[in-house]
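S.K.:
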Amino acid sequence: METEDESYRYEENPQYRLNTSDAISYLELADKINKNDKIQLVMLQHEFGFFTEAKNGLMLFLQKLEKDIIITFHTVLPKPDRELKEKVKEISSFVKSIIVMTGISADILTNDYDIPSHKIKMIPHGTHLLPFIDKTSLKSKYGFKDKKVLSTFGLLGSGKNIETTLEALPEIISQNPDVMFLIIGKTHPGIIKYEGEKYRDFLQDTVKRLHLEKHTYFINQYLPLDELLDYLQLTNIYLFTSKDRNQAVSGTFSYAISCGCPIVSTPIPHALEVLNEDLGIIIDFEAPKQLAAAVNTLLKNETAQEKLRSNSLEKMAPTAWENSSISHALLFQQYSKDKMTLHYTFPIINLSHIKNMTTDFGMIQFSKINKPDINSGYTLDDNARAMIVACRHYELSKDESDLDLISTYLKLIKFCQQPDGSFLNYINQDKEFVQQNFETNLEDSNGRAIWALGYLLSIKTILPPQFSNEAESIIENSLSSIENIHSTRAMAFIIKGLHYQNSENNIPLLKKLANRLVKMYQHEKHRDWHWFESYLTYGNSVLPEALLCAWITTKDEMYKQIANESFKFLLSKIFIKGGIKVISNKGWLQKETMKSPESIGGEQPIDVAYTILALSTFYKVFKDEKYLQMMTNAFSWFLGKNHLHQIIYNPATGGCYDGLEEKNVNLNQGAESTVSYLMARLCFPK
Numbered sequence: 247m248e249t250e251d252e253s254y255r256y257e258e259n260p261q262y263r264l265n266t267s268d269a270i271s272y273l274e275l276a277d278k279i280n281k282n283d284k285i286q287l288v289m290l291q292h293e294f295g296f297f298t299e300a301k302n303g304l305m306l307f308l309q310k311l312e313k314d315i316i317i318t319f320h321t322v323l324p325k326p327d328r329e330l331k332e333k334v335k336e337i338s339s340f341v342k343s344i345i346v347m348t349g350i351s352a353d354i355l356t357n358d359y360d361i362p363s364h365k366i367k368m369i370p371h372g373t374h375l376l377p378f379i380d381k382t383s384l385k386s387k388y389g390f391k392d393k394k395v396l397s398t399f400g401l402l403g404s405g406k407n408i409e410t411t412l413e414a415l416p417e418i419i420s421q422n423p424d425v426m427f428l429i430i431g432k433t434h435p436g437i438i439k440y441e442g443e444k445y446r447d448f449l450q451d452t453v454k455r456l457h458l459e460k461h462t463y464f465i466n467q468y469l470p471l472d473e474l475l476d477y478l479q480l481t482n483i484y485l486f487t488s489k490d491r492n493q494a495v496s497g498t499f500s501y502a503i504s505c506g507c508p509i510v511s512t513p514i515p516h517a518l519e520v521l522n523e524d525l526g527i528i529i530d531f532e533a534p535k536q537l538a539a540a541v542n543t544l545l546k547n548e549t550a551q552e553k554l555r556s557n558s559l560e561k562m563a564p565t566a567w568e569n570s571s572i573s574h575a576l577l578f579q580q581y582s583k584d585k586m587t588l589h590y591t592f593p594i595i596n597l598s599h600i601k602n603m604t605t606d607f608g609m610i611q612f613s614k615i616n617k618p619d620i621n622s623g624y625t626l627d628d629n630a631r632a633m634i635v636a637c638r639h640y641e642l643s644k645d646e647s648d649l650d651l652i653s654t655y656l657k658l659i660k661f662c663q664q665p666d667g668s669f670l671n672y673i674n675q676d677k678e679f680v681q682q683n684f685e686t687n688l689e690d691s692n693g694r695a696i697w698a699l700g701y702l703l704s705i706k707t708i709l710p711p712q713f714s715n716e717a718e719s720i721i722e723n724s725l726s727s728i729e730n731i732h733s734t735r736a737m738a739f740i741i742k743g744l745h746y747q748n749s750e751n752n753i754p755l756l757k758k759l760a761n762r763l764v765k766m767y768q769h770e771k772h773r774d775w776h777w778f779e780s781y782l783t784y785g786n787s788v789l790p791e792a793l794l795c796a797w798i799t800t801k802d803e804m805y806k807q808i809a810n811e812s813f814k815f816l817l818s819k820i821f822i823k824g825g826i827k828v829i830s831n832k833g834w835l836q837k838e839t840m841k842s843p844e845s846i847g848g849e850q851p852i853d854v855a856y857t858i859l860a861l862s863t864f865y866k867v868f869k870d871e872k873y874l875q876m877m878t879n880a881f882s883w884f885l886g887k888n889h890l891h892q893i894i895y896n897p898a899t900g901g902c903y904d905g906l907e908e909k910n911v912n913l914n915q916g917a918e919s920t921v922s923y924l925m926a927r928l929c930f931p932k
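If you're matching positions, the sequence shown starts at 247 in the working numbering and goes up one per residue.
1) Alpha carbon to alpha carbon, how far is V680 from L670? Give it in angstroms, no decimals.
2) Is the CB-CB distance between V541 and L396 below 8 angstroms?
3) Starting from the C-beta of L521, find all residues in its chain whose C-beta is less than 7 angstroms away, skip the five residues before and the five after it, and write them out in chain order.
4) Along the chain, where does the alpha helix (DSSP H) that runs through V395 open and close?
5) Classify V635 as helix, strand or coil using the three-state DSSP reduction.
6) Determine the contact status of Y746 and S704, defining contact as a CB-CB distance below 8 angstroms.
7) Hey, could you find the ends of the alpha helix (DSSP H) K367 is sitting in?
8) Just tell me which of E258, H364, F868, C795 has its CA closest to the CA of L577.
9) Is K406 closer than 8 angstroms to T356 when the C-beta atoms are compared?
10) How long is the line joining the alpha carbons of Y640 and L709, rounded to whole angstroms?
11) Leaving aside the five residues before and after L273 along the sequence, list all residues of the same chain whose C-beta is less than 6 angstroms from its C-beta, in chain order.
12) Give the list of continuous alpha helix (DSSP H) stretches no shorter than 4 residues that lie fully inside the segment 333-387.
13) Given this structure, state the Cα-to-Cα distance separating H769 from W775, to the nearest angstrom.
14) Return the bridge partner residues of M737 from the DSSP annotation.
15) Do Y590 and G886 have their CB atoms nearer than 8 angstroms?
16) Of the residues L699, D314, T398, which one's Cα is nearest the Cα of A632?
17) So, is Q663 buried or exposed, given that buried needs 16 or more other C-beta atoms within 10 angstroms?
18) Mind reading off the beta-carbon distance from P515 to Q493? Whole number of angstroms is fine, and I expect it under 8 angstroms.
19) Cutting at 8 angstroms between CB atoms, please list the residues of its own chain near S623, excluding the five before and the five after it.
20) Enumerate in chain order the residues of its own chain whose CB-to-CB distance from K342 is below 7 angstroms, with the five nearest sequence positions on each side excluded.
21) Assign E729 to one of two classes, buried (16 or more other C-beta atoms within 10 Å of its C-beta) or exposed (fewer than that).
22) Let me check one thing: in DSSP terms, what residues is K614 bridge-paired to?
23) Taking just the CA atoms, how far does V453 sit from L402?
24) May I ask you to report which of helix, strand or coil DSSP gives L906?
25) Between the segment 780-793 and the segment 807-814, do three or more beta carbon pairs fall short of 8 angstroms?
26) Which word fits H732, buried or exposed, when buried means at least 16 other C-beta atoms lie within 10 angstroms of its C-beta?
27) My assumption, with CB atoms under 8 angstroms, is that V346 sits in contact with F319. Please give the rounded CB distance.
28) Which of the three DSSP states, helix, strand or coil, is assigned to F930?
29) Once DSSP output is grouped into helix, strand and coil, what is the label at V510?
30) Quick one: what does DSSP say S787 is sitting in, helix, strand or coil?
31) Name the one or two DSSP bridge partners that H589 has.
32) Check whether chain C comes within 8 angstroms of M368, counting only Cβ atoms and requiring the distance to be less than that.
33) Are the segment 363-377 and the segment 404-420 in contact at 8 angstroms, needing three or more beta carbon pairs?
34) Between which two residues does the alpha helix (DSSP H) holding Q807 run?
35) By the DSSP assignment, the alpha helix (DSSP H) with M305 in it spans what residues?
36) Output yes or no for whether 8 angstroms exceeds the beta carbon distance between K335 and L480.
Shown next, in the form of structure tokens:
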């Protein structure tokens, strides 16, 4: 999009160009789009200033265009005069749907412009996912060590009213002499064209007048995105002082909140909708005294700042560009003439977060957002699963760093083994076993340890021999305790481990445990109930998968038959309309009722992962393409194919969120969720 006076050079030659100064250019563009049979839908980003040079150019374009149109209004002005109202209504008459970025904008369109609400879709301004970095290290990197940083950014113009902050700074400095105010961004090119650097000169004169030279820093450049996001992350408080009372939405405001910045803002509609006492502070327009008081209140309370940061991240998580793209795609789907299918692109395999969570002792249990919480200690469960991930990844990549991970997790498993061969599960940050080990049934944890050790042994030909020797020794020492395990899932994990170990000596034990599962199945089986228990709870897929593993090892057809029957039954309960909805931890599915409570949320990554692992095993055995398709559909749950249409995997950190709730995603990226995601992702080698 260009004008008579401004044209640009592009890295890739664009297929279409629009000269917004020339009405004929609008007609020519519409004609070219009409002739392109590959184009079904046209998405138009609308800002009133874009289309004013050629009178009626936009209307000519809309009238001539024969494709369906969706338009995004970046600005929605309240209380329009008659001419503006008619113009917006006319634009609306040509489009299938109008996207706005705030609920307030949607209300204005309905109430002030008489646009029917069914035509309006609210999709918030997109924001960037970030691998959150410590403020202290970022401040050192950019030369602001030991400073309390205030910032604002965006194209400079008098509407930003930055002088409000400058007038407030003397009062802020009196209580916080180490404060630094960053003014980031070049002057708006449209303003440069008409008045040059008049506004920047005014701000710099104000800095001199108030003797603020040591406390202000102008960054007069277009910063690369990663650098801009660094500046926002090192910011203690972000200041938004616009005096435009009708500013419907601000991208700079959205970016700042998504970076976890506590915000002090004037009451533009966007701020009124998003901010509350848990996210920031709203002040009046052009009120330097209020701004100074708000900033000083926050700067003296680091706990409050941290709470605002956490709340901001949770509030803005749904607005990640990945989620925004899904929302747009679903809207396009509604108006597609052909049946449009939404495909999710698989992220590259990334072990960054698992490495971030791993110390020289093991993988830490929990995280706060993506920061490891060492106070949560370690568990055998997590480290056993993490070892499987490291082994699988080494199979694919032969990455030498995987060997360090395998070694670490293997040592922790050995650390957990007791003299009688059984394992304890819970370890505190001081590497001590805690009381919880003696108050909790640890059979499942013991089973997972055997699964992990067996998997390591299945690839022993490509591993250093000391790894397999250690794993063999640990398994052999555990055999006497294994026989006494009767937990359904624990037996299933052990069967998988013994299957992978592939030791003739342990086949009788594998059969003994498999036969126990068979008896449980035969006891509970009913005409409409093909399961091992009288309920479906967590980790269900491991049960039929274990029996299929038992069949692979023994060729006993009974194991194969029950594996098939039970897995078919389970899949019928968790695959709905092509997507997966695992049994919620908010309500199990009971045999008596044959259906689970109508609960939404409580879906855990581990259940999705176990389902994908089982589907992968069934596909390898039966070569039925339906299992491969189900694997893809199930994995798409991590990428947004769920009831919230939000990502569960964070590609910026390599971590996986801890769960899908009714109205939100749990943003913590703990060990269980992350290794579960990676186990699932590694089922797809490419």
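Every residue gets a Cβ at the ideal spot worked out from N, C-alpha and C, and that includes glycine.
M.R.: Well, looking at it:
1) Stepping through the sequence shown from its first residue, residue 670 is reached at position 424. Stepping through the sequence shown from its first residue, residue 680 is reached at position 434. Cα to Cα, L670 sits roughly 9 angstroms from V680.
2) The residue given as residue 541 occupies position 295 in the sequence shown. The residue given as residue 396 occupies position 150 in the sequence shown. Yes, these two residues count as a Cβ contact at 8 angstroms.
3) Here residue 521 refers to the residue found at position 275 of the sequence shown. Within the same chain, and ignoring the five residues on either side of L521 in sequence, the residues whose Cβ sits closer than 7 angstroms to its Cβ are I509, S511, I528.
4) If you number the sequence shown from 1, residue 395 lands on position 149. Annotation: V395 is outside any alpha helix (DSSP H); the continuous beta strand (DSSP E) that includes it extends over 394-399.
5) Walking along the sequence shown from the start, residue 635 turns up at place 389. Assigned with DSSP and collapsed to three states, V635 falls in helix.
6) Here residue 746 refers to the residue found at position 500 when the sequence shown is read from its first residue. Here residue 704 refers to the residue found at position 458 when the sequence shown is read from its first residue. Annotated as proximal: Y746 and S704, with beta-carbon spacing under 8 angstroms.
7) Position 121 of the sequence shown holds residue 367. Boundaries for K367: no alpha helix (DSSP H) harbours it, while the beta strand (DSSP E) harbouring it runs 366-368, taken from the DSSP string.
8) On the sequence shown, residue 577 is found 331 positions in, with the first residue counted as 1. If you compare the alpha carbons of E258, H364, F868, C795 with that of L577, the shortest gap goes to H364.
9) Taking the sequence shown and counting its residues from 1, the one referred to as residue 356 is at position 110. Taking the sequence shown and counting its residues from 1, the one referred to as residue 406 is at position 160. No; because the gap between Cβ atoms is not below 8 angstroms, this pair is not in contact.
10) Counted from its first residue, the sequence shown places residue 640 at position 394. Counted from its first residue, the sequence shown places residue 709 at position 463. Roughly 9 angstroms between the two C-alpha positions.
11) Taking the first residue of the sequence shown as 1, we reach residue 273 at position 27. If we look at L273 and ignore the five residues flanking it on each side, its Cβ neighbours are L306, K310.
12) As far as the segment 333-387 is concerned, its whole alpha helix (DSSP H) runs of at least 4 residues are 349-359.
13) Walking along the sequence shown from the start, residue 769 turns up at place 523. Walking along the sequence shown from the start, residue 775 turns up at place 529. Taking the straight line from one Cα to the other gives about 11 angstroms.
14) On the sequence shown, residue 737 is found 491 positions in, with the first residue counted as 1. DSSP, once it has assigned bridges, lists no residue as partnering M737.
15) Looking up residue 590 in the sequence shown gives position 344. Looking up residue 886 in the sequence shown gives position 640. Yes, the pair counts as a contact, with Cβ atoms nearer than the cut-off.
16) Position 386 of the sequence shown, counted from the first residue, corresponds to residue 632. When only C-alpha atoms are compared, the closest one is L699.
17) In the sequence shown, counting from the first residue as 1, residue 663 sits at position 417. Buried is the call here.
18) Indexing the sequence shown from 1 puts residue 515 at position 269. Indexing the sequence shown from 1 puts residue 493 at position 247. 7 angstroms between Cβ atoms; contact.
19) Walking along the sequence shown from the start, residue 623 turns up at place 377. For the sequence presented, residue 623 should be read as Gly rather than Ser. Only residues of its own chain outside the window of five on either side were considered, and among them I610, Q611, Y672, I673, N674, Q675, V680 have a CB closer than 8 angstroms to the CB of G623, listed in chain order.
20) Looking up residue 342 in the sequence shown gives position 96. Beyond the five residues adjoining it in sequence on each side, K342 comes within less than 7 angstroms, by CB distance, of D314, I315, I316, Y581 in the same chain, given in chain order.
21) Position 483 of the sequence shown, counted from the start, is the residue given in the question as residue 729. Of the residues assessed, E729 falls on the exposed side of the cut-off, its CB having fewer than 16 other CB atoms within 10 angstroms.
22) Position 368 of the sequence shown holds residue 614. DSSP lists K617 as partners of K614.
23) Start at 1 with the first residue of the sequence shown, and residue 402 comes out as number 156. Start at 1 with the first residue of the sequence shown, and residue 453 comes out as number 207. So the alpha carbons of these two residues sit roughly 16 angstroms apart.
24) As a first step, residue 906 must be located in the sequence shown, where it is residue number 660. Residue state, collapsed to three classes: strand.
25) With a cut-off of 8 angstroms, the segment 807-814 and the segment 780-793 count as touching, because enough Cβ pairs lie within range.
26) Mapped onto the sequence shown, residue 732 falls at position 486. Exposed.
27) Residue mapping note: residue 346 aligns to position 100 of the sequence shown, counting from 1. Residue mapping note: residue 319 aligns to position 73 of the sequence shown, counting from 1. Separation of the CB atoms of V346 and F319 is rounded to 5 angstroms, and the pair is thereby assigned contact status at 8 angstroms.
28) One-based indexing of the sequence shown puts residue 930 at position 684. Reduced to three states, the DSSP call for F930 is coil.
29) Start at 1 with the first residue of the sequence shown, and residue 510 comes out as number 264. Strand at V510.
30) Working through the sequence shown from its first residue, we reach residue 787 at position 541. Annotated three-state conformation of S787 is coil, per DSSP.
31) For the purposes of this step, residue 589 is taken as the residue at position 343 of the sequence shown. According to the DSSP secondary-structure assignment, H589 is paired through a beta bridge with no residue.
32) Given the protein chain composition of this structure (a single chain), no chain C is represented.
33) Contact between the segment 363-377 and the segment 404-420 is absent, because fewer than three Cβ pairs lie under 8 angstroms.
34) Numbered from its first residue, the sequence shown carries residue 807 at position 561. Residues 803-820.
35) One-based indexing of the sequence shown puts residue 305 at position 59. That run of the alpha helix (DSSP H) goes 303-310.
36) Reading the sequence shown from its first residue, position 89 is the one you call residue 335. Reading the sequence shown from its first residue, position 234 is the one you call residue 480. L480 is positioned such that its CB atom lies no closer than 8 angstroms to that of K335.
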